[in-house]
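Per the numbering used here, the sequence shown starts with residue 8, numbered consecutively.
Taking it in order: structure first as structure tokens, then the write-up.
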Amino acid sequence: MADNGSKVEEIIDGLTCPKALSCYNSKFNNLCKALDIGLESFLICLEEKKNGPRSCKFSVPFGDTFFCQCPLRVYIAKSLKK
């Protein structure tokens, strides 16, 4: 199994991020608010609904909830517990 750094590099290779990988570039200190609820490839987006999830290309609306499907953010939440 790849170590965390190798896995992160694998995920970001070819990933088009509208936020210029700010989570990665800040050493995971500048993260959007999200909650892991046990789904394999999704998190619940906890960003303010007014601006956050509606403008994010990785956001998927479902009823009153938005799911995050950014592969890097999902990995950070599940593997690094952030």
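Cβ coordinates follow ideal geometry from the N, Cα and C atoms, glycine included.
If you're wondering where the values come from, they're calculated on a predicted model, not measured in any experiment.
query: Where I83 falls, given that 16 or more other Cβ within 10 Å makes a residue buried; result: buried
query: Under 8 Å between C-beta atoms of C52 and F69; result: no
query: Distance, L28 Cα to E17 Cα; result: 14 Å
query: Check: K40 C-beta below 7 Å from any heavy atom of the ligand COA; result: The ligand COA is absent from the structure shown, which contains no ligand whatsoever.
query: Proximal residues to C63 (C-beta, below 6 Å), its chain only, five neighbours per side dropped; result: none
query: Length of the line joining the Cα atoms of N37 and C30; result: 5 Å
query: Sequence-distant residues of its chain with Cβ nearer than 6 Å to C39 (five each side left out); result: E54
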